[in-house]
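Residue numbers for the sequence shown, in my numbering: 602 to 1193. Working notes, structure below.
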Amino acid sequence: MAHDELLRRDVRFLGDMLGSVIREIAGDEAYDLVEEIRGLARDRRQGRHEAEPALATRIESLDDRQATVAARAFSIFFDLSNIAEDRQRVRVLRDRERLRHPEPLGESLPAGIAELRELGTPAADVQQVLDRLYVELVFTAHPSEAKRRSIRSKLRRMRKSLREFDATDLLPRERARHEADMRSELTLLWQTEFLRPTRPTVLDEVDRGLSIMPRLWEAVPQVHASLRRALAEHYPGETFVVPAFLTFGSWMGGDRDGNPFVTADVTAKTLLRLRTEAIACHVDWCHRLHDLLTVSIHVTGAAAPLAERLADLITRWPDLAAALEPIAEHEMYRRWIRMIRFRLEASQAAALDAPASGWAYRSGNDLEADLTPLLECLAQDHVASGESPAQAWLDLVRTFGLHMTRLDVRQDARAYREIMGDILAAAGVVADADAYESLDDDARCRLLVDTLGRVGNVPENRLRPLALDSLRLFHVLHTAAVRFGPSCVGGAVVSLTRCPADVLSVLWLWRWAQGRAAGSGEPAADTDIAIVPLFEKIHDLAHAHETLAAILDEPVYRDHLRGRGDRQVVMVGYSDSTKDGGYLAACCGLQN
602 MAHDELLRRD
612 VRFLGDMLGS
622 VIREIAGDEA
632 YDLVEEIRGL
642 ARDRRQGRHE
652 AEPALATRIE
662 SLDDRQATVA
672 ARAFSIFFDL
682 SNIAEDRQRV
692 RVLRDRERLR
702 HPEPLGESLP
712 AGIAELRELG
722 TPAADVQQVL
732 DRLYVELVFT
742 AHPSEAKRRS
752 IRSKLRRMRK
762 SLREFDATDL
772 LPRERARHEA
782 DMRSELTLLW
792 QTEFLRPTRP
802 TVLDEVDRGL
812 SIMPRLWEAV
822 PQVHASLRRA
832 LAEHYPGETF
842 VVPAFLTFGS
852 WMGGDRDGNP
862 FVTADVTAKT
872 LLRLRTEAIA
882 CHVDWCHRLH
892 DLLTVSIHVT
902 GAAAPLAERL
912 ADLITRWPDL
922 AAALEPIAEH
932 EMYRRWIRMI
942 RFRLEASQAA
952 ALDAPASGWA
962 YRSGNDLEAD
972 LTPLLECLAQ
982 DHVASGESPA
992 QAWLDLVRTF
1002 GLHMTRLDVR
1012 QDARAYREIM
1022 GDILAAAGVV
1032 ADADAYESLD
1042 DDARCRLLVD
1052 TLGRVGNVPE
1062 NRLRPLALDS
1072 LRLFHVLHTA
1082 AVRFGPSCVG
1092 GAVVSLTRCP
1102 ADVLSVLWLW
1112 RWAQGRAAGS
1122 GEPAADTDIA
1132 IVPLFEKIHD
1142 LAHAHETLAA
1152 ILDEPVYRDH
1162 LRGRGDRQVV
1172 MVGYSDSTKD
1182 GGYLAACCGL
1192 QN
């Protein structure tokens, strides 16, 4: 059956099922109303001119009950159509890959490796390409997508049932069961409120972002495995190091630009929630590998180095002995994995305001250090490969660490001017906030440079709420970088950047947090936060190169960049530029 026919079949099947549910629950009158509106809409789409005014008149005549039925019916129908289209897209992609085999799918990583081989690119040059490969995907809250989690769960289960219909060996009783499952979900969906009773909180948005992580944890190892497979196929006999080239970021819980509900406390809770979820995923992997790695040292001795290290760790951490006791001594891989779980469980108790136990992992780097010798021993036992479960877990550790996603924080440059005016006035550097804000760009820049790292305690009772929360925010970010490793903190995005002082304000606040920690006897972060200017207005886009050059000419900022490997990220925006100058001018500004 052709692809288009399959899509029409699925849409018709789902539409008929919806119609049956409407008739059963809402009655024949509701069903007839929906069919009437659908027929008029179909006639309008087919070019029948009389259908459009008839459709408009019919919709205007609906009472509240009828309008509710129609809105609910078509909302669900469009969701069902999306399910069918998603399924069709998967079919097309799978067929495309099947037809191209053994050639790789176009525009994929394996296709890129194949092309490099065809061009005669030496293995050493390919390794250089791999070393430069870096992709960061950042999640933001989507204000136009308001589906409740319960709605999304029902649609996800219906999508799974629809996929089962493509099985070539599906039995009639199995098809009947899947149809019954889908009808049950659809019946419940019809009777479920589409909108949540209360507005979602920022932490609700964070949880929603976390809900997609299980799919990413499945996909990331597959991406790495496909790349290793392509390298082995096209460069046989060569050895490559595949870096952790994928990373993920998030604005949810950190984007305070125009959102007063994103406070320092919310950002702190977000960092902990991301870490807790990542650790829970790693604990699941401990259970998975514990079930798999039943290798006995009576059969192979490759795990002997792990036994020696475990003995040393038990001496350092006596509580570890009780955790290992249920596991047979000859199952060394299982004992090693139990040690990792022992440390992960301690890591779950870590907090921003208190140090964790001595055996807790600080960051993903520490976990990687325990996984690496495991893979080395497994390789000697012929158990590890580029696609083994242990390698998949290591890829996940390198990608997600213990932080899940880097948390970016975003604030408006105009807010930073107000914030710095308040702070410098409270510290006695300027007479009042207006005195700072009235300075020209160069004067503000010079004042920030001159006071960088030189202002100690700031009287909180002299600060307005925005400035006070900003100081607390940078204290939270700095503490997180120290306790959980710098990978948990992403970039500080400065919206509507216009001049170097907008960027230096962030560096000033970070250095203040470092100084506060050092002054109180706490450890200070050894790296600075990444600062990301975001140019959005038409004028700012046109002069972005000049602004960036001026920022890079500032010695203290160049020192900051050297500490970050001379890597500067710049963002250009489309939303405010479109509002500022219109769609065409915004596109030209972004292009230039």
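Glycine residues also receive a C-beta, built at the ideal position from the N, C-alpha and C atoms. Since the structure is predicted, the reported quantities are computational estimates derived from the model, not experimental observations.
Item to complete: Taking Ala-833 as part of the alpha helix (DSSP H), name the residues at either end of that continuous run.
Response: Where Ala-833 is concerned, the enclosing alpha helix (DSSP H) stretches over 814-835.
Item to complete: Could you check the C-alpha separation between Glu-708 and Ile-623 for me, to the nearest Å?
Response: Answer to the nearest angstrom: the Cα atoms are 44 Å apart.
Worksheet entry | Residue range of the beta strand (DSSP E) that includes Gln-792 | Annotation for Gln-792: no beta strand (DSSP E) segment contains it, and DSSP assigns it neither H nor E.
Worksheet item: Can the beta-carbon of Leu-787 be found less than 7 Å from the beta-carbon of Met-618?
Response: For the 7 Å CB-CB criterion, Leu-787 and Met-618 form a contact.
Worksheet item: Who are the Cβ neighbours of Ala-671 in its own chain at under 7 Å, not counting the five residues just before and after it?
Response: Once the five neighbours on either side are set aside, the close Cβ partners of Ala-671 are Leu-634, Val-635, Ile-638, Leu-663.
Worksheet entry | Cβ contact (3+ pairs, closer than 8 Å) linking the region 684-694 and the region 649-666 | Two segments are said to touch when three or more pairs of C-beta atoms, one from each, lie closer than 8 Å; by this definition the region 684-694 does not touch the region 649-666.
Worksheet entry | Own chain, CB closer than 7 Å to Ala-1044, minus 5 neighbours either side, in chain order | For Ala-1044, same chain residues with a beta-carbon under 7 Å away, outside a window of 5 residues either side, do not exist.
Practice prompt. Measure the alpha-carbon distance for Gly-1002 versus Ala-879 and round it to whole angstroms.
Written response: Between Gly-1002 and Ala-879, the C-alpha separation is close to 7 Å.
Item to complete: Give the range of the beta strand (DSSP E) segment to which Gln-1012 is assigned.
Response: For Gln-1012, the enclosing beta strand (DSSP E) covers residues 1007-1013.
Practice prompt. Would you mind giving the Cβ-Cβ distance between Glu-765 and His-779, rounded to the nearest angstrom? I have them listed as a contact below 8 Å.
Written response: Rounded, the Cβ-Cβ distance is 5 Å, consistent with contact.
Discussion item. Out of Ile-813, Arg-889, Val-1030, which one is the CA nearest neighbour of Phe-740?
Written reply: It is Ile-813.
Discussion item. I'd like the span of the alpha helix (DSSP H) that includes Val-1133, first residue to last.
Written reply: For Val-1133, no alpha helix (DSSP H) segment is defined; the enclosing uninterrupted segment is the beta strand (DSSP E) at 1131-1136.
Worksheet item: According to the Cβ coordinates, are Ala-1023 and Ser-1096 closer than 7 Å?
Response: The sequence given here places Asp at residue 1023; Ala does not occur at that position. With contacts defined as CB atoms closer than 7 Å, Asp-1023 and Ser-1096 fail to qualify as a contacting pair.
Discussion item. What would DSSP say about Ala-1151, mapped onto helix, strand or coil?
Written reply: Ala-1151: helix per DSSP, three-state reduction.
Item to complete: Determine, using beta carbons only, whether Leu-1069 and Ile-1020 come nearer to each other than 7 Å.
Response: Against a cut-off of 7 Å, the Cβ pair of Ile-1020 and Leu-1069 comes out as no contact.
Worksheet item: By DSSP, does Asp-680 sit in helix, in strand, or in coil?
Response: Asp-680 falls in the helix class under three-state DSSP.
Practice prompt. Identify every run of the beta strand (DSSP E) within the region 1045-1122, keeping only runs that are complete inside it and at least 3 residues long; order them along the chain.
Written response: Runs of the beta strand (DSSP E) lying entirely within the region 1045-1122 and spanning at least 3 residues, in chain order: 1090-1096.
Item to complete: Pair every Cβ in the region 911-927 with every Cβ in the region 879-894, then say whether three or more of these pairs are closer than 8 Å.
Response: Contact between the region 911-927 and the region 879-894 is absent: fewer than three C-beta pairs spanning the two stretches fall below 8 Å.
Worksheet item: Ser-1106: which of Ala-1131, Ala-1125, Ile-928 sits nearest, CA to CA?
Response: Nearest C-alpha to Ser-1106: Ala-1131.
Practice prompt. Would you decide whether Ser-964 is buried or exposed? Buried here means 16 or more other CB atoms lie within 10 Å of its CB.
Written response: Ser-964 is classed as buried because its beta carbon has at least 16 other beta carbons within 10 Å across all chains shown.
Worksheet item: What do you get for Tyr-934, buried or exposed, if any count of 16 or more other CB atoms within 10 angstroms of its CB means buried?
Response: Tyr-934 is buried by the Cβ-count criterion.
Worksheet item: On the three-pair Cβ rule with 8 Å, is the region 713-723 touching the region 828-837?
Response: They touch, by the three-pair rule.
Item to complete: With DSSP as the reference, label Gly-854 as helix, strand or coil.
Response: DSSP places Gly-854 in coil when its eight states are reduced to three.
Item to complete: Could you pull the start and end residues of the beta strand (DSSP E) that Gly-932 belongs to?
Response: In the sequence as displayed, the identity of residue 932 is Glu instead of Gly. Counted as a single uninterrupted DSSP element, the stretch harbouring Glu-932 is not any beta strand (DSSP E), since DSSP gives it neither H nor E.
Worksheet item: Can the beta-carbon of Arg-874 be found closer than 7 Å to that of Val-807?
Response: Yes, they are a contact pair.
Practice prompt. Give me the Cβ distance between Val-1090 and Leu-1008, rounded to the nearest whole Å; I'm assuming they're in contact under 8 Å.
Written response: Sure, about 6 Å apart at Cβ, within 8 Å.
Worksheet item: From Leu-847, Tyr-836, Arg-800, Pro-837, pick the residue whose C-alpha is nearest to that of Gln-823; which is it?
Response: Minimum Cα distance to Gln-823 is reached at Leu-847.
Fill in: Buried versus exposed call for Ile-1236 [16 or more other C-beta atoms within 10 Å across all chains shown]
Outside the shown range of the chain, which is 602 to 1193, sits residue 1236, and nothing can be said about it.
Worksheet item: Looking only at C-alpha atoms, which of Asp-665, Glu-1147, Val-1056 sits nearest to Val-1031?
Response: Nearest option by C-alpha distance: Val-1056.
Fill in: Whole runs of the beta strand (DSSP E) within the region 722-755, excluding any shorter than 3 residues
Listed in chain order, the beta strand (DSSP E) elements of length 3 or more contained wholly in the region 722-755 are 736-740.
Worksheet item: In whole angstroms, what separates the C-alpha of Thr-799 from that of Leu-615?
Response: When rounded, the distance between both Cα atoms is 31 Å.
Worksheet entry | Ala-725 burial status per 10 Å Cβ neighbour count (16 or more: buried) | Around the beta carbon of Ala-725, fewer than 16 other beta carbons lie within 10 angstroms, which makes this residue exposed.
Worksheet item: Among Gln-792, Ala-991, Leu-608, Leu-1078, which has the Cα closest to the Cα of Glu-686?
Response: Among Gln-792, Ala-991, Leu-608, Leu-1078, the Cα nearest to that of Glu-686 belongs to Leu-608.
Worksheet item: How many angstroms separate the CA atom of Phe-1075 from the CA atom of Ala-1114?
Response: Cα-Cα distance, rounded: 6 Å.
Discussion item. For Ser-986, which residues in the same chain have their Cβ closer than 7 Å to its Cβ, ignoring the five residues on either side in sequence?
Written reply: Within the same chain, Gln-992 come within 7 Å of Ser-986 by CB-CB distance, once the 5 residues on both sides are set aside.
Worksheet item: On the premise that Gln-728 lies in contact with Val-842, defined as a C-beta separation below 8 Å, what is that separation, rounded to the nearest angstrom?
Response: For a cut-off of 8 Å, the C-beta gap from Val-842 to Gln-728 is around 7 Å, short enough to register as a contact.
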